[in-house]
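One structure is given here, and the rest of the page talks about it.
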Amino acid sequence: MELIVHSLEHFGEVCVLRLRTPDSFPVHQVGHYAVLQFANFAERPYSIANAPNGKFLEFHIKNSGHAGGSTFATHNLEIGDTVIFHRFGGNYTLVPNCPRPLILVAGGTGLSPMLAITEASLQNNPDRAIFLYYGARHHQDLYYDRHLREKMVLFPRFSYIPTLSEENKAGIEFGSVGDIALQHPELLKSRLYVAGPVDMLRTTIDKALAAGVSPDVIHSDYRELDRTK
Ligand SMILES: Cc1cc2nc3c(=O)[nH]c(=O)nc-3n(C[C@H](O)[C@H](O)[C@H](O)COP(=O)(O)OP(=O)(O)OC[C@H]3O[C@@H](n4cnc5c(N)ncnc54)[C@H](O)[C@@H]3O)c2cc1C
Numbered sequence: 000m001e002l003i004v005h006s007l008e009h010f011g012e013v014c015v016l017r018l019r020t021p022d023s024f025p026v027h028q029v030g031h032y033a034v035l036q037f038a039n040f041a042e043r044p045y046s047i048a049n050a051p052n053g054k055f056l057e058f059h060i061k062n063s064g065h066a067g068g069s070t071f072a073t074h075n076l077e078i079g080d081t082v083i084f085h086r087f088g089g090n091y092t093l094v095p096n097c098p099r100p101l102i103l104v105a106g107g108t109g110l111s112p113m114l115a116i117t118e119a120s121l122q123n124n125p126d127r128a129i130f131l132y133y134g135a136r137h138h139q140d141l142y143y144d145r146h147l148r149e150k151m152v153l154f155p156r157f158s159y160i161p162t163l164s165e166e167n168k169a170g171i172e173f174g175s176v177g178d179i180a181l182q183h184p185e186l187l188k189s190r191l192y193v194a195g196p197v198d199m200l201r202t203t204i205d206k207a208l209a210a211g212v213s214p215d216v217i218h219s220d221y222r223e224l225d226r227t228k
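Under numbering that gives the first Met the number 0, read the sequence shown as residues 0 to 228, first letter to last.
Okay, here's the thing in C-alpha cells:
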C-alpha cells in the first residue's frame with residue numbers, strides 16, 4: 000500500500016518522518032515495526048515511534064551511511080512523496096494494564112519503539128512511572144534530547160536519563176546504557192523493555208537475568224534480530 004509523506008523533520012543524521020494513514024489502514028501494536036520501501040530500494044523494517052492515532056505513523060530514520068533506502072529517506076524524501084508500506088511485524092508490545100514501573104532502555108534508533116510505548120503508557124496508565132534510558136556515543140548523537148526534556152516537564156511520571164559511552168559531559172551519565180539502567184533501584188519491581196543494536200540487547204538481557212529480573216518481564220526483539228545476524 001502506498002502512503003504519503005505528511006511531514007519531515009531533520010535532526011542531524013536522523014529524520015523524523017510521518018506517513019499519513021488512510022481511514023481503512025490497519026492499526027499497529029505499540030512496540031512493532033513496519034516494513035517500508037523507499038523509491039526502488041530494498042524494503043527494510045523501521046520501528047514505529049507513535050501510539051496508534053488513526054492519522055499517521057511516525058518513524059525515526061538514521062542515515063545508514065550506505066547507498067540504501069535509509070540514506071535516501073534522510074536526504075531525498077520530500078513532503079507529498081509516496082512510500083510503500085508492506086506489513087507490520089515484531090514480537091513485543093506494551094503490557095497495557097500492568098502496574099509495574101517501566102524501565103525502557105534504548106540505543107540508537109531503538110528510541111522509536113520506546114517513544115511509542117511511552118506515549119501509549121502515558122495515555123492509558125498515566126500514574127505508571129516510566130524511566131527512559133537513552134544511550135548514545137557522543138553528545139551530538141542525543142538527537143531527541145530537547146524533545147525528551149520537554150516531555151519530562153509535561154509529564155512528571157516520565158523520566159528521561161541520557162547516557163554517553165564515549166564522551167564525558169557534565170550532568171550526563173557515562174557508560175553503557177544497559178549497565179546504567181540496570182542499576183535502577185526498582186529494577187526487580189519493574190518491567191524492562193530493551194531496543195537497539197543486537198549486541199546491546201544481548202548483554203543487557205543477560206545481565207538483567209543475572210541480576211534476578213524474571214524473563215516474564217523482559218521485552219525485546221532480541222530473538223528476531225538474533226536470527227538476522
Ligand atoms: C526490527 C528492526 C527495526 C529497525 N528500526 C529502525 C528504525 O527505527 N530506524 C532506522 O533508521 N533503522 C531501523 N532499522 C534498520 C533498518 O531496517 C535498515 O537495516 C538500516 O537502516 C539500513 O538500511 P538501508 O536500506 O539504508 O541500507 P541497506 O540496503 O541495508 O544497505 C545499502 C547498501 O550498503 C551496503 N552496506 C550495508 N552495510 C554496510 C557496511 N557496514 N559496510 C559496507 N557496505 C554496507 C549494502 O550491501 C547495500 O549495498 C531496524 C532494523 C530492524 C531489524
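Where is the CB? At the ideal position from N, CA and C, for every residue including glycine.
Relative to the alpha-carbon of E166, which residue among D140, H146, D144 has its alpha-carbon at the smallest distance?
-> The residue you call residue 166 lines up with position 167 of the sequence shown. Checked all of D140, H146, D144; the closest Cα to E166 is D140.
Inside the region 48–121 only - alpha helix (DSSP H) runs reaching at least 4 residues | 68–74
When every heavy atom of ligand 1 is checked, does at least one fall within less than 7 Å of the C-beta of S213?
-> Start at 1 with the first residue of the sequence shown, and residue 213 comes out as number 214. No - ligand 1 has no heavy atom lying nearer than 7 Å to the Cβ of S213.
Regarding I60 and ligand 1, is the C-beta to nearest heavy atom distance less than 7 Å?
-> Residue 60 sits at position 61 when you count from the first residue of the sequence shown. The answer is yes for I60.
Taking 7 Å as the line, does the beta carbon of H65 fall inside it for any heavy atom of ligand 1?
-> Taking the first residue of the sequence shown as 1, we reach residue 65 at position 66. It does: the Cβ of H65 is within 7 Å (strictly closer) of some heavy atom of ligand 1.
Euclidean distance between Cα positions of L114 and L187 | Numbered from 1 along the sequence shown, position 115 holds the residue referred to as residue 114. Numbered from 1 along the sequence shown, position 188 holds the residue referred to as residue 187. Those two C-alpha atoms are separated by around 22 Å.
Find the nearest neighbour of R190 within the set F173, T202, L208, I78, judged by alpha-carbon distance.
-> Locating residue 190 in the sequence shown gives position 191, counting from the first residue. Nearest of F173, T202, L208, I78 to R190, Cα basis: L208.
Consult DSSP for E149 and reduce its assignment to one of helix, strand or coil.
-> The residue given as residue 149 occupies position 150 in the sequence shown. In this structure, E149 counts as helix in the three-state DSSP scheme.
Under three-state DSSP, which class holds L141?
-> As a working note, residue 141 is residue 142 in the sequence shown. Reduced to three states, the DSSP call for L141 is coil.
Taking buried to mean at least 16 other C-beta atoms within 10 Å of its own C-beta, is L103 buried or exposed?
-> Position 104 of the sequence shown, counting from 1, holds the residue named residue 103. When all chains shown are included, L103 counts as buried.
What residues are listed by DSSP as bridge partners for E8?
-> Taking the first residue of the sequence shown as 1, we reach residue 8 at position 9. Per DSSP, V15.
Run the proximity test for R201: is its beta-carbon closer than 7 Å to any non-hydrogen atom belonging to ligand 1?
-> Walking along the sequence shown from the start, residue 201 turns up at place 202. No, Cβ of R201 sits at least 7 Å from all heavy atoms of ligand 1.
Within the same chain, show all residues whose beta-carbon is closer than 7 Å to that of F71, passing over the 5 residues directly before and after it, in chain order.
-> Position 72 of the sequence shown, counted from the start, is the residue given in the question as residue 71. If we look at F71 and ignore the five residues flanking it on each side, its Cβ neighbours are F37, A38, F40.
Determine, using beta carbons only, whether L18 and L76 come nearer to each other than 8 Å.
-> For this step, residue 18 is matched to residue 19 along the sequence shown. For this step, residue 76 is matched to residue 77 along the sequence shown. Going by C-beta atoms, L18 is not nearer than 8 Å to L76.
As assigned by DSSP and simplified to three states, the class of P214 | As a position in the sequence shown, residue 214 is number 215, starting the count at 1. P214 falls in the helix class under three-state DSSP.
Should F58 be labelled buried (16 or more other beta-carbon atoms within 10 Å of its own) or exposed?
-> Position 59 of the sequence shown, counting from 1, holds the residue named residue 58. Buried, because 16 or more other Cβ atoms sit within 10 Å of the Cβ of F58.
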